[in-house]
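Encoded as structure tokens, the structure appears first; notes follow it.
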Amino acid sequence: MKITIVGGGFGGVKAALELAEDDRNTITLISDKTEFQYYPALYGAATGHNHLESWVPLEKIFSGKSNVMLVQDTIVTIDAEAKELGAASGQNYSYETCILALGAVTTYFGIEGLDTYAYGIKSSEEIEKLKAHLYEEITGNSSEESKRYVVIGAGSTGVELSSALGSYIKKIYDHYGMNSQGVCIDLLEAAPRILPKMTEKASRLATKRLKKLGVNVQTGQAVEQATADSIIVGGKPLTTHTVIWTSGVTNHSFFKENKLFTLAKNGRVQVDEYLRASQDVYVIGDNADTPFTGLAQTALHDAIFVAGNLKRHAHGKPMKKYKAVKPPVVVPIGENWAIFEWHGFCMGGWIASILRRAADFIGYSDMLPLGQALGVWHASLISHDDNIMPEPPKK
Ligand SMILES: Cc1cc2nc3c(=O)[nH]c(=O)nc-3n(C[C@H](O)[C@H](O)[C@H](O)COP(=O)(O)OP(=O)(O)OC[C@H]3O[C@@H](n4cnc5c(N)ncnc54)[C@H](O)[C@@H]3O)c2cc1C
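Okay, structure coming up:
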């Protein structure tokens, strides 16, 4: 079988690994990046942890897989009749079977100024930009408003990030021998409670824990505008030089721009019971309108499902129908503490943080051979800033 996969993230990489097990398959994996991004660890990379845990070169993942060809390109069109993908480079890629896993993209919901002034943590570039800004602010500006850091969006990413940001910022102040008193971390959420997709118990536990860590949690606060030195919330300005947006994602524009796809109300692609958008075109992970879309584990589940069906089909067996599986959710909140939730059961504490470490290890070993997975996982335990901090200012 000749399979072309677009997207080197959770879904695309897992599908390629599964299909590569059969030597008769030829797989082309096209991604706009040369690295796989382990998003769940990005908040760590943004707050001083070793970056090795967050992005892994695709070449490393597929070393030794001679039936997988890696291509770096950005796919912009699909012609299902000609069975061809068109790329930004001008190159066309033909396929027999195509799996699309392009992931979600950030949206600012049209809120003025956020695209210009807010920082993000969805890529290595965004994280480097944020860290450079933090160092610059701390060493070059000691005003009170420069000590106010605002995280917008209290989904799991916003909660994780705000819980780790305070201690990271204090570490930078200490590094430069400066006084960190007055540092204030605000977590703003438009919904009436934080972690709105989890149970009320999870929200309560998380709020208590964040407050203990010194995070100023504010719910029912929708941001209306951002400027260089403030944000407008409820008609009132809040002075800050650092706004980090973790709130909105939307489906990749590729699916809106190509007429082949029918989109659900939430913008994701409608798929049939085999996760197909049309004959021989599968859509998985964040792009597909499935019950638990938007989670890494769902992308992995989808990839295994589609690869399994393609293997079945190749052996002349009937394909199975898709069954959505609700994955457990673990949200780390500060060092050695997390919230675990699954099918209504919810607990917070140290044990949940161990479960998260275990889940991360399983996540890495899903992608990498055991030895390499252990190496990357171990890197995630090492907390040090691998950015070279500039010399402390002379006193
Ligand atoms: C900061 C953050 C933290 C998260 N934390 C968690 C968590 O703790 N637990 C959890 O379950 N989920 C988490 N998620 C969600 C999870 O990461 C996603 O659900 C998962 O990555 C979806 O997998 P995917 O394969 O659909 O897309 P992705 O993993 O996003 O992969 C998409 C790939 O496609 C590539 N690409 C995009 N456009 C093109 C193009 N035009 N041409 C070629 N290649 C392209 C991208 O570079 C990327 O490699 C988090 C997400 C973020 C952003």
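So in my numbering the end of the sequence shown lands on 488, straight run, no missing numbers.
Note that beta-carbon positions come from the ideal geometry of N, C-alpha and C, so glycine has one too.
In the same chain as leucine 288, and ignoring 5 residues on each side of it, the C-beta atoms closer than 8 Å to its own belong to Ala247, Gly248, Ser249, Val252, Ala295, Ser296, Ala299, Val424, Ile432, in chain order.
About 10 Å separates the CB atoms of leucine 303 and valine 244; that is not less than 8 Å, and the two are not in contact. Below 8 Å, enough C-beta pairs join the region 139-151 and the region 208-217 to call them touching: three or more. Here the alpha carbons of isoleucine 96 and glycine 341 stand approximately 32 Å from one another. The C-alpha of serine 446 lies about 22 Å from the C-alpha of leucine 393.
For aspartate 279, the pairing in a beta bridge is given by DSSP as Val243, Asn309.
In the DSSP assignment, methionine 94 is bridged to no other residue. Here DSSP, grouped into helix, strand and coil, assigns tryptophan 443 to helix.
For valine 276, the CB contacts under 6 Å within the same chain, skipping 5 residues up- and downstream, are Lys240, Ile262 in chain order. Shortest Cα-Cα distance from glutamine 165 to any of Asn185, Asn143, Leu193, Leu122 involves Leu122.
Taking the Cα of lysine 305 as reference, the smallest distance to any Cα among Pro285, Ile278, Thr320 is reached at Ile278. Taking non-hydrogen atoms of ligand 1 into account, the C-beta of alanine 211 is found less than 7 Å away from none of them. For glutamate 111 and histidine 408, the gap between their C-alpha atoms comes out near 15 Å. In the three-state reduction of the DSSP assignment, lysine 329 falls in the strand class. Judged by their CB atoms, phenylalanine 129 and glycine 102 are nearer to each other than the 8 Å cut-off. Checking the DSSP bridge columns, you'll see proline 411 has no partner listed.
For isoleucine 262, the secondary structure class from DSSP, reduced to helix, strand or coil, is helix.
Rounded to the nearest whole angstrom, the CA to CA distance from tyrosine 136 to lysine 329 is 29 Å. Judged by DSSP secondary structure, aspartate 172 falls within the beta strand (DSSP E) whose first and last residues are 168-172. For phenylalanine 155, the closest of Tyr131, Lys107, Ile192, Leu368 by C-alpha to C-alpha distance is Lys107. Distance from the C-beta of asparagine 380 to the nearest heavy atom of ligand 1 is below 7 Å. For isoleucine 426, there is no enclosing alpha helix (DSSP H), since its DSSP letter is neither H nor E. Taking a contact to require three or more Cβ pairs closer than 8 Å, the region 304-324 and the region 197-210 qualify as touching.
Distance from the C-beta of tyrosine 228 to the nearest heavy atom of ligand 1 is not below 7 Å. Per DSSP, the continuous beta strand (DSSP E) segment holding glutamine 130 begins and ends at 128-130. The C-beta of glutamate 434 has 16 or more other C-beta atoms within 10 Å across all chains shown, which makes the residue buried.
Counting along the chain, glycine 468 sits inside the alpha helix (DSSP H) bounded by residues 463-472.
For aspartate 395 against leucine 368, the beta-carbon gap comes to about 6 Å, under 8 Å, which counts as contact. Not one heavy atom of ligand 1 sits closer than 7 Å to the Cβ of glutamine 184.
Ranking Thr383, Ile337, Lys158, Gly206 by CA distance to the CA of glutamate 317 puts Gly206 first. Taking a C-beta distance under 8 Å as the contact criterion, valine 198 and alanine 180 do not qualify as a contact pair.
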